[in-house]
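Heads up: the structure comes next, in structure tokens.
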Amino acid sequence: MKADPSGVLTGTHNLSGNQACAEGALSAGCRFLGVYPIAPALEVSERFLQRAKKASATFIQMEDEISALAAVIGASWTGKKSMTVTSGPGLSLMMEHLGLGIMLETPCVIVDVQRVGPGLGLPSQPSQADMMQARWGSHGDYELIALAPSSSQEMFDFTIKAFNFSERFRIPVAIMSDQYLAHLQEDVVIPHAEDIRLEPRRYFDGPKDSYLPFKRDEDMIPPMVDIGQGYKFHVTGLTHDDRGYPIMDEECQELNVHPLVKKIRDYTDEIIEVQEANTEDADVVIVSYGATSRAAFKAMEQARGLGLKVGSLKLVTVWPFPEERVAELADKVKAFVVPEMNLGQVVLEVERCSYGKANVFFIAHGEKGVENTDDILRAINQAVQVDNIKDGIIKFR
Amino acid sequence: MQTPKTNQQKKIQVDSSSMDRIHPMENVLRMDRIPHIWCPGCGIGLAVTAFAAALEKAEIDLSKIVIVSGIGCTGRVAGYVKLDSFHTTHGRAIAFATGIKVANPDMKVVVFSGDGDLIAIGGNHFIHAARRNIDMLVVCVNNFIYAMTGGQVAPTTPLTAYATTCPFGCVEPPFNIPYLADSSGAVYVARWTTLHVRRLTNAFVEALNKKGFSVVEAISPCAQYYSRINRLGDGLDMMRYYHDNAEIRNGEDTKNLDIDFQGKIIVGKFIDRERPSYTDRYNEWLSKVKGGENEPG
Amino acid sequence: MAEVRFAGYGGQGIIRSGIIAGKAAAIYDNKYATMSQSFGPEARGGACSSQLVVSESKVLYPYVTDVDVLFAMSQEGYDKFEPGLSENGILLVDEDMVKHKSPRGNIKVYSIPATRFAEELGRKIVANVIMLGFFTAITEIVTYEGMKKALPGSVPEKALELNMTAFDRGFEYGKELLKKKNG
Amino acid sequence: MKADQRDVLTGVYYIDGDVASGYGALAAGCKFIAGYPITPSTEAAEAFARIAPKGGAMFIQMEDELASISAIVGAAWAGAKTMTITSGPGYSLMMETIGYGAMLETPFVLLNIQRGGPSTGVPTKTGQADMMQARWGSHGDYELIAIAPDSPQELFDHTIKAFNLAEKYRCPVMIMADECVGHMTEKVVIPRAEEIELEPRRWYTGPPDEYIPFKPDEDLVPKMVKAGSGHKLFISGRLHDERGYPVDNEHFELKYVRRLIDKIMCNKDKIIELKEEQLDDADVVVVSYGISSRVAVRGIEMAREKGIKVGNLRLITVWPFPDERITELAKKVKAFVVPEINYGQVVFDVARCCHGNANVVLVPHGGAGVHMPDDICDAILLGAKEERKIEKVIEFKTQLEKLVFKGGSKLKE
Amino acid sequence: MITTFAKGLEKAGVKPNQVCVPSDILFEPAIVKHFGFDYFHTTRGRAIAFGTGLKLANPALKVVPFTGDLMTVGGNHFVHGSRRNMELTVICINNFVYRKIAGKAVSIETPKFSPYSTFEEPFNIPHLGNSCGAIYTARWTALHTEELADSIAEALNKKGLSIIEILAPGPDYYTSISNVNADLVRFYYDNSEIRNDEDPRNVGITPENKIIVGKFTSKERSTFIDSYNAQLGNVLGEKFTPYGIESGKKGAGGKNG
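If you read the protein sequences in the order shown, they are chains R, B, G, H and X. If you're matching positions, the first sequence starts at 1 in this note's numbering and goes up one per residue. If you're matching positions, the second sequence starts at 1001 in this note's numbering and goes up one per residue. If you're matching positions, the third sequence starts at 2001 in this note's numbering and goes up one per residue. If you're matching positions, the fourth sequence starts at 3001 in this note's numbering and goes up one per residue. If you're matching positions, the fifth sequence starts at 4001 in this note's numbering and goes up one per residue.
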């Protein structure tokens, strides 16, 4: 499916990450934005509103983040691609509805522009400390997809990608941006509408009375219908059977919830994307994602300049985590260096997936500015020198 | 699970003399989910019956109506009506419905939920949707208690009434729901008890045809918890109480509608006015935005 | 170890029966007893059941797996839980409420007109306590003394005496029945 | 400090876990509970509401979970020991303020009776799928303590323990019980008040003008005062310095937020409580918590009958996670078997700490029930048999999964 | 605004060290230290809920929630707090930027984001509060310093939940309390009309009319704690010790140290 030209602002534009996100959403066909204003995510709504008329898009500023995501899920069932934008405290409030989105298997996109936490934290500084929350923040079992862009261009591209994943797997997809990207002005190339590939929603086309909202196709994804088409379906956040009727026992729970996990776990090959550089001969691989990969990439080049065999593994999809690729690399390298703008989250996954075959260095990155490479370089130097494998993560201070 | 028969169920039963005749409510109810979970003597079934009758009377295209419920006994209504129906999270039915209405203004949106769901945890969405005047009908079945979780105090529990989390009597004055709806901006506000089935049905019809945020409060007996904890007898006794104490006062000032424990219940249609809806305002705003002015360069 | 399933419909005091028996075992007989019940909207009005595991040592697995005693006070409860009863189990029924099939394997059936007795005592509501007395006499999972100590505080104070009488009524009926069967 | 006699309902009871926790809270000196009804945790609130007035305590039912947790954070700063009670969906709503509470270093206890999720799920039946949420559910970096009781008696004891930990480390403490334990009725012994040891709040007693709210003691935990006692408190949930004043430089995140984590991590040895059984010569170790640890024992017995050397490790404290202990054990055993009532949560931490030295078998269960002991036994056998090192968490296929997805279930026509 | 608040405290005879301010608006530390009350920067919209906890755990406190996100995120706590009649003096900073008042359009540079979308109609806060049961409602602009101080003083000495709405665009969750947009307040002030005792129903802010300010309602109603003590006293009789009596010594907080 091709993009609708009314939402595509073809050309090269100098955009902040937030603006690029709004453009990406409109290009992807997003026509409903439900938000509650929170720094540093404000500009997404502003941009979206500025372009709403041309693209015939609907906007609502709700009374809080709880209702913002509720409205987005509701809107998605009308057939409109829908999105919400928030930051840490708002994401925390959305946790209950993230679960509802998962349970109703509703395609939608949640953009989290991360800022320093916990609590009110620091609205004006970037962070990557909501990564684990995106994966684990709602109660009950689920899997979701989280993408981490590292530039305005990626913000644009990944927003489209996020919508495609959400339609493909009928799942809320998180875009984990941060304050640094949000306000970074960069050139963004927006292609022609016909060059943008979109995943169409999977609609049910059988007879009206034979529609079962949660009857899965072979690939575990149930087709959808819009409200108002006469299917008269029922869906519930309670554990339900294929008809969407609540049944509360173990068997139904297994039937209902296990596929929610499996529909992602079984398709990791299709979902996971990593960008690698110089990993073939590397002794040390820097694992990074989001804005941090900018520094990671620079550090790799500087280290290469010093004659060190350093590679870079950039996670495009952070969740699901590229377990196998990290385990493979662990066989070959001496150490992983993981810079994150938090106090240790994704590094735990790297530790898990390196199976004791490589050391894992963690750098709580960000102290000297997002793009500063000093700490990473020092960690690489140290990593090269350590020959034995240590128990646990080596915290680099 | 077998549930002892209730008034509601008896009505649904097919007339034995003409077995092949389709029951009039069959096109509105999910017959494959009957029997329902409501207890004997519960009034929710009556409210649903009135609603089903109203749908027919209002001549609404059943494929263009969507019903959203929250959590609780009344929250289960969405599961029993054969319409596009959503059983959402606790308190958020109105927020969810707002998304639907704003994204697809062609739909008739009905929120059918309980007092705890709409007014306690969902109070914020209630007042904001009223302020924005989102075009929807909110049916609030008020049974004065949280019944699904077993009889906790609600923001509608009358003063001094007992509940499990106020074992020594309720100390918080209850909300006057019509007054709250009125002061937040609702355009249609009515209150009836489930004894007033015909008037309740008419209120639903009027509200369904009204453009804007309409609230119909349906006072309903909870025989299992509220009546039992307060020793008020069964569902029938509650109906008798409604019969003896409900007073119809259409057009009454909403501030006079407080309900005391086993006191008088004033019912009627209180508010019926016009205000621009959210979608009207949004479209008006969009129309004012000139072609290029709002477009980034 | 003994596994007991109490089954009936809401309002019969089925859950309460489980609690009283468990309390007698755990507090007054110095055994270990774990009682669990089904909750929720499904538990209202319609069928309801509770399960009790009594053991000499700490109960680890909290649910019944191979039921030794089925305590049935409603037809639906009997129908639903009879298949879970062990081949060597004991079936206790209120004969006014349950029509049972001829038993499988070595299952022993004991029935009592508990509801009728309760009506004779003037309060239908004490049928479960009569059943409890019967249960105590037949199964000996809990002691008579333990049960008599467990009743105060577990039933409304005003109705304690009536409950004590009801319990004895069921207990004696059970003892008689055993005598007849064994003799 | 000993418990107050008026608060302790000494005696022997036959009550369910929820009620036991309500009694435990009162015994621990909890004077304020704000809650909102949610199955299956409501009985704890109801129990507390019944007994609170006699002990001079207050129960208030707030308008929602957001208000409940905000109120208890406020009450804690007014000097009271406080708690709130909830289950999955309510827990999700509380996430923002849990992070805020951690930021303010507020001592409070949160009882989460887990049910089947996600979303509304199965309200009346059990689950253990909020474990990772407890650790990671709020935005930003923080650490807290989570304990998992396995019986009504423990719900009583651990509620007191939770209050003690909260006061000692000035952090939110989660009691992560499950519906099964909350709704299970067993004997609960409530001791005499003088047998209950309570951790007093760390009061600051110096001159009011010299009080610095977030200046840590040697164990990294700062002292507290009561609002309204003349200290001119300035307490911000924003990133702040020791005085509580907001700072606008991320540099402080490292300096300040790190202490929130360090105060738990550096005291890990004192916090973590494990129960170990037959680990000395074990080939396989079952790691479990909450109700699963009771259920697992049956599977373990079955496996032992088949001659397998199985040890049992029960996590009483789940967070902070006993990294070192698992790493140590991994070097000696062939496999860990982790039965959880979820599709894999704590098992990932077990796998992480193994460092490839032992295999890890997950025995999943979606909730609304507990494991079949046969499954756990079979998983143990699988772990004992497997000689290769497998670089992946091995997901054991349970009988239920086979039944539901191979067409044996009545749900699949 | 804070000076006005301090003046109000003084007029009411309330010592700052009895006062506790939970707020979702950022105060400056220097202000707090200078005036000497206790201040908590709470999560957005939760100042009333937070204050409810403070008040119940220590009923001797004078709790004054200062809130900006009250009517959006915190709307629910506002209506329920009013209904309970929790003893709180709620100062509601109204951040909404009124695009047009008395037919005149705002020509001043305004903040980018206001609590509602620009095309929505705002709440009539005094009316909503009054209808939910608040015992005192008033509205002033930040420039009505004398009247505001009087209202604060009056409200502080009332038993129950009072609401004072202050039209003061600028300060919010991210920017400090001193950050009032002076030009905009001046505009509001110039286009306001004092109408004390006006029925709150009629004080909604509309583009056509002047902003109506004043003290609108003042009534008596049993507070949450009073109702609690009365009801439990009735039911439990002698066994019950009233909660929070004797200037709060019996409150849940216990003694310091």
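Beta carbons: idealized from backbone N, C-alpha and C, even for Gly.
Within its own chain, the residues whose Cβ lies closer than 6 Å to the Cβ of Ala3384/H, once the five positions on either side in sequence are excluded, are Asp3283, Val3284 and Ile3308, listed in chain order.
Contact annotation for Phe1096/B against chain H: no contact, minimum CB-CB distance about 12 Å [criterion: below 8 Å]. The Cβ-Cβ distance between Glu3391/H and Tyr203/R does not fall below 8 Å.
Under DSSP, the beta-bridge partners assigned to Cys3030/H are Lys3081/H. Between Tyr3014/H and Ile2019/G, the C-beta spacing is below 8 Å.
Contacts between Gly34/R and chain B, judged by CB atoms closer than 7 Å, involve Gly1099 in chain order. When C-alpha distances from Thr317/R are compared across Val346/R, Val333/R and Asn18/R, the shortest belongs to Val346/R. Chain X places no beta carbon closer than 8 Å to that of Leu313/R, leaving this residue out of the contacts.
Judged by DSSP secondary structure, Asn342/R falls outside any alpha helix (DSSP H); it is assigned neither H nor E. Closest in alpha carbon position to Arg265/R, among Lys314/R, Lys232/R, Thr279/R and Glu323/R, is Glu323/R. Chain-ordered listing is empty here: chain H has no CB closer than 7 Å to the CB of Thr2165/G, the nearest sitting near 23 Å.
For Pro4169/X, the closest Cβ of chain H is not nearer than 8 Å.
The three-state secondary structure of Ser1063/B, taken from DSSP, is helix. Proximity of chain R to Arg3325/H at the Cβ level (cut-off 9 Å) is not reached, the minimal Cβ distance being about 12 Å.
Closer than 9 Å at the C-beta level to chain X, one finds these residues of the stretch 3048-3061 of chain H: Pro3053, Lys3054, Gly3056, Ala3057, Met3058 and Ile3060. The stretch 1104-1124 of chain B and the stretch 1140-1148 of chain B touch, with no fewer than 3 CB-CB distances between them shorter than 8 Å. Shown here, Arg2005/G sits in a strand according to DSSP, grouped into three states. In the DSSP assignment, the residues bridged to Met1136/B are Phe1213/B.
The C-beta of Ala4105/X has fewer than 16 other C-beta atoms within 10 Å across all chains shown, which makes the residue exposed. By the criterion of a C-beta distance shorter than 6 Å, Val3189/H is surrounded in its chain by Val3012, once the five residues flanking it on both sides are discounted. For Ser27/R, no beta strand (DSSP E) run applies; the uninterrupted alpha helix (DSSP H) run containing it begins and ends at Gly17 to Ser27, by DSSP.
When C-beta distances to chain B are compared with 7 Å, the residues of the stretch 232-245 of chain R below that value are Lys232, Phe233, His234, Val235, Thr236, Gly237, Leu238 and Tyr245, in chain order. Within the stretch 4072-4101 of chain X, the residues whose Cβ lies closer than 8 Å to any Cβ of chain R are, in chain order, Thr4072, Val4073 and Gly4075. Within the stretch 4132-4217 of chain X, the complete alpha helix (DSSP H) segments of 4 residues or longer fall at 4145-4156 and 4182-4190, listed in chain order.
Sorting Arg1199/B, Lys1108/B and Ala1218/B by C-alpha distance to the C-alpha of Ser1063/B places Lys1108/B at the top. Under DSSP, Trp1285/B takes part in no beta bridge, so it has no partner. In the displayed model, Val189/R falls within a strand according to three-state DSSP. Shown here, Ile3390/H sits in coil according to DSSP, grouped into three states, outside any helix or strand. For Cys3354/H, the enclosing alpha helix (DSSP H) has its first and last residue at Val3346 to Cys3354. Contiguous alpha helix (DSSP H) elements confined to the stretch 1155-1219 of chain B occur at 1177-1184 and 1197-1208, taking only those with 4 or more residues.
Your pair Asp241/R and Leu260/R does not check out as a contact, with CB atoms roughly 14 Å apart and the cut at 8 Å. Boundaries of the beta strand (DSSP E) around Val3338/H: Ala3335 to Pro3339. In summary, Met3001/H is exposed, with fewer than 16 beta-carbon neighbours lying within 10 Å of its beta-carbon over all protein chains present. Those residues of the stretch 1172-1185 of chain B placed with their C-beta closer than 8 Å to a C-beta in chain X are Glu1172, Pro1173, Pro1174, Phe1175, Asn1176, Tyr1179, Leu1180, Asp1182, Ser1183, Ser1184 and Gly1185, ordered along the chain. Comparing alpha-carbon positions, the option among Ser2074/G, Leu2085/G and Ile2090/G lying closest to Thr2136/G turns out to be Ile2090/G. Under the Cβ criterion (8 Å, minimum of three pairs), the stretch 4217-4236 of chain X does not count as touching the stretch 3031-3046 of chain H.
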